[in-house]
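What follows is a set of notes on a single structure, which appears directly below.
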Amino acid sequence: MTHKTPTNWTDRDDAMVEQAIRRGASRRELLKMLMGSGVALGAGSSLLLRAGQAVAQTPKTGGDLRAAGWSASTADTLDPAKASLSTDYTRCCAFYNRLTFLDEAGEVQMELADTVESSDAKTWQITLKPDVTFHDGKTLTSADVVYSLRRHLDESVGSQVNSIAKQMTEITAVDDRTVKIVLTEANADLPTILSLHHFMIVADGTTDFSTANGTGAFVCETFEPGVRSLGVRNENYFKAEGPYVDTFEYFAITDNNARVNAVLSGDIHLAAAINPRSMRMLEGQPGVVTSVTNSGNYTNLNIRLDMDPGQKAGFIEGMKYLMNREAVQQSILRGLAEIGNDQPVSSSNRYHNPNLPAKEFDPERARALFEQAGVLGQSVPIVTSSAANSAIDMAVVVQQAGQQIGMPFEVQRVPADGYWSNYWLKSPIHFGNINPRPTPDILFSLLYQSDAPWNESRYQSEKFDRMLVEARGSLDEEKRTQIYWEMQEMVANDAGTIIPAFLSGVDAHADSLKGLRPNPLGGQMGYAFAEYVWLES
Amino acid sequence: MLRSPTTWLLVGQRLTIAFITLLIVSFAVFFATELLPGDVAQILLGQAATPEAVAGLREAMGLDRPAFLRFLSWLGGLATGDMGRSYVNDIEIAELVSGRLVNSLRLAGIVTAICVPVSLTLGIAAAMWRGSWFDRGVSIMTISFISVPEFMVATLAVLIFAVWLDWLPALSYGVNVDSLGAMLRAYAMPVITLSFVVCAQMIRMTRAAVIETINTPYVEMALLKGASRSRMVLVHALPNALGPIANAVALSLSYLVGGVIIVETIFNYPGVAKLMVDAVSTRDLPLIQSCAMIFCVSYLTLITLADMIAILSNPRLRQ
Amino acid sequence: MTMTKQRTRSLRLPTPANLGYRFNWAGRIGLTVILFWAVIAVIGRWVAPYPVGEIVDFDYFGPVSGDYWMGTDYLGRDIFSRILMGARYTVGIALGAVTLACAGGIVLGMIAAVIGGLFDTCLSRFLDALNGIPSLLFGIVVVAAVGTSITVLILTLAVIYLPGSYRFARALAVNVNTMDFVTVARARGEKTSYLITREIFPNIVGPVFADLGLRFVFIVLVLSGLSFLGLGVQPPNADWGALVRENIEGLSLGAPAVVFPCLAIASLTISVNLFIDNLPTKIRDRSD
């Protein structure tokens, strides 16, 4: 066994090698690349063999891909700025492209951009790939990029990422293929930010989004909000590889069972985001396989630090010890979750701090802390709703634990309808649900900065705010990592947001569907699977 | 009797009343929607709803005009046949609704065509042989059918016929319905699921109404005079029970347009029930109003028909 | 009729039996099951082997066993205990709501039929309009306006189901109202209350109770649907419909967690309708 895999080798590296092979790198180049990163020649060969086998499944062309997401309504949109549901993301990925995207390893890759460069992380130069055309035949120029990015600053557009886009104070076209972006302050994460699904590039001047005129792998043929969309292969797609399928039909089946049954009966090729409890049914079913994604989505219990009982010293800490994380992981999420430690940066992120253990379940300690806070025995309401994934079950788990130590919690289930505008951020103790974000900077500035728009527990710390700005502008990876690690520790100990677990996403798909790989941006290959997968007959 | 002026007067009267009812419902729906927390802009922005963003989007969507004025102009538009545009996706509501309304009506039509004859026959037969094993069998079967939650019937049907037996497609919409056979297969499961519930209701109500009229003195009199049991039921009891039966049938059928959300969800069938749910959850006032009007019109049509049947079937009510 | 005459032995209970009413076996079975669930609704809390929300088993959708008589649910909670606790909500809420809806609907329907004229027209159109408001919208508005509690839930259900009950009762009453004996009674100068209670009601009681039985079933089933509006029973408690709904993923696994709540619902709703179909016959026999 001389050709063992090096011990520090990860899936991420596998993905990197596979990708290099796909790009068409020669064996010699690859070995050079591997040795450059300290891998011995023998080990390198075996790695290449493995990656080669993965790649050897040569994609087949043709076939009609049918897939189902889990949410749809008349609010479905082809406007990337407004996209808010997974269904929108999937469609936007099929019809448009971004400047950059995140690969399976979580690394930034160029899509429409050729280069994204900066010397000070404040002023950025983006050059575009040549000869990219929109579905209507128009060639991609810097004007399209400028228009697409500026839209997010216009409040009348209703962009979901208005608050993130605000840091781009200047977005100008230098020439036909070059765009300059100036930020309010240095932010080394800009290439990652541009990989968010909302920053898809639309043609200059587009205001009608009843159909999609993008550069993407599929040309939109039909789009009925709340019903379905149909795309046909873009024959002029700028990427050398893909798309492989002829057509891509996408719709939503909101009922979990119905979605699972549809993939079991062969009516669809892929059912996105199935309930972990359905896994047992899928085990041993011929023709259906599952793909699990650890992406950093989480449901959290928020206790406001500026209201009773959260402002009583000891209460929040007590709640952290009362949260039975193992029960959440095992009983509610059926093992398809990673235990969380009350901070939002998951282990799939490269800035994750691994030295921060989760608080153990310790009802006695919680009891002592509640006693100290003077709340033991008082009935405390917890607001929960089906709007936040698994939140009702989590509330019940907390309630049960409370009952054992004489701490009665009153679980208030409120309507999913209007939950985000009426209860989230507002109630003293309530549940939230946060979608994965690619960088700690986005997470912290959206959720924990003192004046963050979604400061769920009203966490205030000047030191934290300073560190956030410092890390953002730093191009020194070592230093950034160190700062982010410390910030994670601060949030885990001092904020009122209890994050018991990171939820894994499970997609069930027919085994004739090949090429699907997990992506840290979310299920369905970060919603972009349509252009990468192919159908074996 | 159809040609008599009183009947036409009655029809005219009912139409006027129906129109007023619609108007009342429309206002009620408007005020109900206004009571709901949040508006379109807030809901569309969801978690990204900062005050500035909400204000900007509201202005862009024309939501800064007072809601009542917007409602009145929608109502004015409706008078000219214009249902307006959806706030949420800026598509003509007529376009948004038409396809799905056709779907809903088609499903409702098929279920009606199956259920009404079957239920009336079974209900009358059960009443005719009241207390027999046939009657008991029908009774127990019907109650058993409606006692199982609809989502369970639907899920079980998919599991058995689509997953295990592979006879039918799991989804009713999106499969290629290019032949009659394919269409039958696509509609089989939703129709069966709905028929269970609707038939059971109608059978029970028909049976009860017929039995009650059998007990009335003049039918008993007919029986004493020596009329046969079936003749007694069909000639004497049934006409008198027709009014209540028509009402029960109308109430059951009214559920088929707007109330079939579970069937639409599980079989992925795009109809107006899901449209209404979407409209309410996004506070899309013109769409909520349009859907409510559709439901209301279908309901009023059905009950007006039922009232007509009641009046025509009972000579004493015609005066 | 033939069936009811076969058995005339009466029950030894202070029920209609001792008062000379005939009551057949099917009705008795129905009544027994209803009473059984009524007793469980009251004492369920004390006889349940496990706390209703406690996760007793790390596995889920567990089979029937000595420890868990009806298996475990999707979280590993004891289904037997949850059904015993759910009885209170299902029986109580459904009974309360159906009584309010049908009592209101029937009384109003009879009054409208007897008085007729403008009163009838106005009331009928008002209730039609009420029925014209989609119940989803109505439910959400109620929660937004007055919050949620069991009382609110019962009242909401009553309002949703009253117009249908009214319409059916009125259609029946209108027919009876044209009969000779009512005309005679009216000519005698009897008051509306007399006409309603002595002449109309006894002649529509059969169909009206059949309607009530159906409405009872619908309310039992719709409870779980309302919980997504936040109107339902609050966790960790759950009504039976909600038990079926939350365990529906177990259906494909044949889990007892989904079968037993269904059986509980069926036993209750079938019994109620069986009882209604076979009410002690003296009430039904207007002729003697």
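Protein chains in written order, with the UniProt record's numbering: chain A, 1 to 537; chain X, 1 to 319; chain C, 1 to 288.
Built from N, CA and C at the ideal position, the CB exists for glycine as well.
In the DSSP secondary-structure assignment, residue 110 of chain A is bridged to A:100. Counting along the chain, the unbroken beta strand (DSSP E) around residue 298 of chain A starts and ends at 288-303. The Cβ atoms of residue 388 of chain A and residue 432 of chain A lie closer than 8 Å to each other. Our two residues, residue 129 of chain C and residue 145 of chain C, have alpha carbons roughly 20 Å apart in a direct line. When the beta-carbon positions are compared, residue 246 of chain X and residue 306 of chain X come within less than 8 Å of each other.
Between residue 221 of chain C and residue 241 of chain C, the CB-CB gap stays under 8 Å.
Between residue 415 of chain A and residue 310 of chain A, the C-beta spacing is not below 8 Å. Residue 146 of chain A carries a helical assignment under DSSP once its states are collapsed to helix, strand and coil. A:73 is the residue among A:478, A:73, A:293 whose C-alpha sits nearest the C-alpha of residue 275 of chain X.
In this structure, the alpha-carbon of residue 124 of chain X lies about 28 Å from that of residue 124 of chain C. With contacts defined by Cβ atoms closer than 8 Å, residue 83 of chain C and residue 261 of chain C form a contacting pair. For residue 280 of chain A, at least one C-beta of chain C is nearer than 8 Å to its own C-beta.
In the three-state reduction of the DSSP assignment, residue 99 of chain C falls in the helix class. Relative to the Cα of residue 300 of chain A, the nearest Cα in the group A:248, A:495, A:99, A:360 belongs to A:495. In this structure, X:24 is the residue among X:39, X:24, X:37, X:90 with its C-alpha nearest to the C-alpha of residue 75 of chain X. Looking at the DSSP output, residue 432 of chain A bridges to A:300. Residue 313 of chain A is positioned such that its CB atom lies no closer than 8 Å to that of residue 523 of chain A. Counting every other CB atom within 10 Å of its CB across the protein chains shown gives residue 150 of chain X a total of 16 or more, marking it as buried. Annotated three-state conformation of residue 83 of chain X is coil, per DSSP. Nearest neighbour of residue 58 of chain X by Cα position, chosen from X:48, X:47, X:72, X:39, turns out to be X:39.
No Cβ-Cβ contact shorter than 8 Å links residue 248 of chain A with residue 268 of chain X. Considering only beta carbons, the part of the region 138-161 of chain C lying closer than 7 Å to chain A consists of 140, 143, in chain order.
With respect to the C-alpha of residue 172 of chain X, the residue from X:210, X:152, X:270 having the closest C-alpha is X:270. Counting other Cβ atoms within 10 Å of its Cβ, residue 15 of chain X stays below 16 and is therefore classed as exposed.
Residue 504 of chain A: member of the beta strand (DSSP E) spanning 501-510, first to last residue. Taking the Cα positions, residue 510 of chain A is about 5 Å away from residue 269 of chain A. Listed along chain X are 45, 48, 50, 52, 53, 56, each with a C-beta nearer than 9 Å to that of residue 162 of chain A. In this model, residue 469 of chain A and residue 376 of chain A are separated by some 40 Å (Cα to Cα). In this structure, residue 147 of chain X sits away from residue 199 of chain X, with a CB-CB distance that is not shorter than 8 Å. Excluding five sequence positions before and after residue 55 of chain C, the CB atoms of its chain that fall closer than 8 Å to its own CB belong to 75, 76, 77, given in chain order. In the three-state reduction of the DSSP assignment, residue 479 of chain A falls in the helix class, which pools H, G and I. Cβ-Cβ separation between residue 93 of chain X and residue 83 of chain X: approximately 4 Å, consistent with a contact (criterion under 8 Å). In this chain, the beta strand (DSSP E) harbouring residue 250 of chain A covers 247-252.
For the 8 Å CB-CB criterion, residue 95 of chain A and residue 242 of chain A do not form a contact. By the rule that beta-carbons nearer than 8 Å mark a contact, residue 229 of chain A does not touch chain X. At least one beta carbon of chain C lies nearer than 8 Å to the beta carbon of residue 331 of chain A.
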